[in-house]
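Protein chains in written order, with my numbering: chain F, 1 to 336; chain R, 1 to 336.
Protein chains: 2
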Amino acid sequence: MTIPQPYLLFLGDVADQLAAKTAAGIVDWRDECCVGQIRLRGCKADLGIAELTIAEAVAKGARTLVVGVANAGGLLPDHWTGVIVDAIEAGLDVASGLHTRLGSIPAIAEAAERCGRRLFDVRQTDQRFDTGKGVKRSGRRLLTVGTDCSVGKKYTALALERELRTRGVKADFRATGQTGVFISGLGVAIDAVVADFISGAAEWLSPATEPDHWDVIEGQGSLFHPSFAGVTLGLLHGAQPDVFVVCHEPTRTRMRGVDRPLPSIAEVIDLTIRCGQLTNPAIQPLGIAVNTQAYDEAEARAYLLSVSQAHGLPATDPIRFGVSCLADALQTQFPT
Amino acid sequence: MTIPQPYLLFLGDVADQLAAKTAAGIVDWRDECCVGQIRLRGCKADLGIAELTIAEAVAKGARTLVVGVANAGGLLPDHWTGVIVDAIEAGLDVASGLHTRLGSIPAIAEAAERCGRRLFDVRQTDQRFDTGKGVKRSGRRLLTVGTDCSVGKKYTALALERELRTRGVKADFRATGQTGVFISGLGVAIDAVVADFISGAAEWLSPATEPDHWDVIEGQGSLFHPSFAGVTLGLLHGAQPDVFVVCHEPTRTRMRGVDRPLPSIAEVIDLTIRCGQLTNPAIQPLGIAVNTQAYDEAEARAYLLSVSQAHGLPATDPIRFGVSCLADALQTQFPT
């Protein structure tokens, strides 16, 4: 499955910027593949790229309309259908990371059939997996985990892939969510897998490799999130990481989508080690990645220093300060 | 969805008795609904009920052939198709708890269409669930958990439902696996739910009820099983149990389907409390249910006494000695 680029990114009328994290992630890592954005009245997200009509996007060479938002439950609102049908009629394919299959909406299915356009449901998988086996595989693995959803797990993994490759370390980003699949063109939306096969899908995603090769695996959810912790645990067991990076957003007071406080970084480290030891007894924390955008630079540096000292681990904001301190720690602990 | 009874139970040629736990569970709890069993050459499981041909079963009133086995991965072997087609042609509906959809096998789909028979895939669900919310619901909940798969979680829950009802306590068994759904006619095969909705499905399964009503929820897998722990954790979070019963088989040396030792009962209690506190801070262990069939009665009593003393909890073998000690503890701790 290859999704034709470049993309026109559709944001619907989502209520906040976080809901557009799929589209924002694509822009962050593949901005050369995004001709612009299209939004409905009342949309509270903005990618800061060109605002285009469908006709303008087609004129700029767009080949696929990407439904680049993440709703709770992953449903496609009825009033978004018009833009999708218009895009199909203008000659675009459509790709979506929602749970709702594009083809399950009659108007969309009919338009795609009539116009000969393709519908990509990145979050769906018809692929068969085995159940997880828990057998140690060759190669090295890093998993990003978090105190919550939407705290930078994908970004941190992508930044580490880039940094390690720059240093000549063999590394591959392994996508476990729709945005990562859009970005890398490979992977599995692990929250869309049948529950029995979560760890098996993670084992498939990160097969045995050369001993000095790193799979940098995108984490999902949080062991402390009451909606998604099962996904997080199955991914942890299947990924069998040698090291993990804890991602955190220090100003968030409630977990995403539920009325509940965030766990501490220490709790996440502790439970990740405890559960991760099941499939990799040597699992250890590598460092901490913090989204410090709510702080000025001095506050951010002070916060990172305090977190680093409290846990005895390197801490950085990957967006603001890069991930070299995490790559340094990795190369020190795992010399080739 | 109502599956017509009585059943003819089909065991294929499975390699051991444990693989036929679905069929055995139906016999244990609804023997009046089972006319007999049918097996292929080499089958190592035996339910101890009448061995019938399809014609004999039809003559005894059978209405549904139940594919009553649980394979790793839940696949339907090709060489089982013949018996299923024969049953359809003899006028039986077919019900299966495997992942493979009966209708996905062309010969079976064709026969069902031609003969006007129905195919029930108990392990599949086309039902939509919300994501779990983690909000406390009224009513009381008991969840069975385990040191492994296939250690008596369903049996213990069914026995507790029966015992509590006998005592006049309002109680409902809540099925989370195919056997339980066959037995109770309700429930959800939670390992067949899309991963994002595990805890949401558990919340749906056990909705808010009267304050003194007990949902006795069938557990799945083990927090320590590398194939299925994600399912176990999502179920724990969604069930938000007030109490849990740990199920164990003391002579098993390796976990089911993987090369790995079992966790201790203490480890299971500890991790269940730690993870379960996320959605029910008051979670506590109620007791321990042990499958002692490998022991003689004196050994069984000695083992149960030692386990009870080691953990400060009542311990019983539900099959051998009943669950009155667990019901006693529940009524003592939760007087109405």
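Even for Gly, the Cβ is constructed at its ideal location relative to N, Cα and C.
What in chain F is Cβ-close to residue i, meaning under 8 Å?
i	result
G200(R)	S227
With a threshold of 8 Å on Cβ separation, who are the neighbours of residue i within its own chain once the five nearest residues in sequence on each side are excluded?
i	result
D16(F)	K44 and A45
E210(F)	S138, G139 and K170
L92(F)	L8, I54, A57, V58, A62, R63, T64, L65 and R117
L278(R)	G134 and H237
C115(F)	I88, E89 and G91
Q309(R)	none
R165(R)	A171
C325(R)	G287, P314, A315 and T316
Q5(F)	R30, C33, R63 and T64
A112(F)	I88, V94, L102, G103, R118 and L119
Note down, in chain order, each residue of its chain lying with its Cβ closer than 6 Å to the Cβ of residue i, except the 5 sequence neighbours on either side.
i	result
V307(F)	I288 and A315
R204(F)	Note that residue 204(F) is Trp in the sequence shown, not Arg. So the list reads F129, once near-sequence residues are dropped.
D212(F)	T336
S264(R)	none
E267(R)	none
Can you check whether the C-beta of residue i is within less than 8 Å of a C-beta belonging to chain F?
i	result
A15(R)	no
K133(R)	yes
V231(R)	yes
V350(R)	Residue 350(R) is absent from the structure shown; chain R starts at 1 and stops at 336.
G234(R)	yes
H237(R)	yes
Can you confirm whether residue i, when its beta carbon is compared against all beta carbons of chain R, has any partner nearer than 8 Å?
i	result
A282(F)	no
Could you list which residues in chain R have their beta carbon closer than 7 Å to that of residue i, in chain order?
i	result
D130(F)	G73
Which residues in the same chain as residue i place their Cβ atom closer than 7 Å to its Cβ, once the five residues preceding and following it in sequence are excluded?
i	result
V193(R)	T125, F129 and A201
R252(F)	D148 and L262
A109(F)	G103
S150(F)	L18, K21 and R256
I190(F)	T176, I198, A201, A202, Q220, V231 and L235
A300(F)	T292, D317 and R320
Can you tell me where the alpha helix (DSSP H) with residue i in it begins and where it stops?
i	result
R30(F)	K21 to R30
V231(F)	A229 to A239
V307(R)	E297 to H311
F224(F)	Element bounds for F224(F): n/a, residue is neither H nor E.
F182(F)	Q178 to S184
R114(F)	P106 to C115
Q331(F)	S324 to Q333
R274(R)	I265 to G276
Please report the residue range of the beta strand (DSSP E) in which residue i lies.
i	result
G146(R)	R140 to G146
D196(F)	Run containing D196(F): none; DSSP gives neither H nor E here.
C247(R)	V243 to H248
G152(F)	Here G152(F) belongs to no beta strand (DSSP E), and DSSP marks it neither H nor E.
P285(F)	Q284 to V290
V58(R)	First-last for V58(R): I54 to A59, but that is the alpha helix (DSSP H), not the beta strand (DSSP E).
F120(R)	L119 to D121
In the DSSP output, which residue or residues are listed as bridge partners for residue i?
i	result
W214(F)	R140(F) and A171(F)
C64(F)	The sequence as given places Thr at residue 64(F); Cys does not occur at that position. Answer is Y7(F) and D93(F).
G36(R)	L8(R)
T316(F)	A289(F)
E51(R)	Q37(R)
Just to make sure I have the definition right: I need the residues of chain R whose C-beta is within less than 9 Å of the C-beta of residue i. Which are they?
i	result
R162(F)	Simply none; closest approach about 28 Å.
What does residue i touch in chain F if you count any residue whose Cβ is under 7 Å from its own?
i	result
R260(R)	G134
F224(R)	L278
H248(R)	Per Cβ cutoff of 7 Å: no residues; H248(R) is ~18 Å from chain F at best.
Please list, in chain order, the chain R residues whose beta carbon lies closer than 8 Å to that of residue i.
i	result
I190(F)	A195
G177(F)	Correct list: empty, because the minimum Cβ distance to chain R is about 11 Å.
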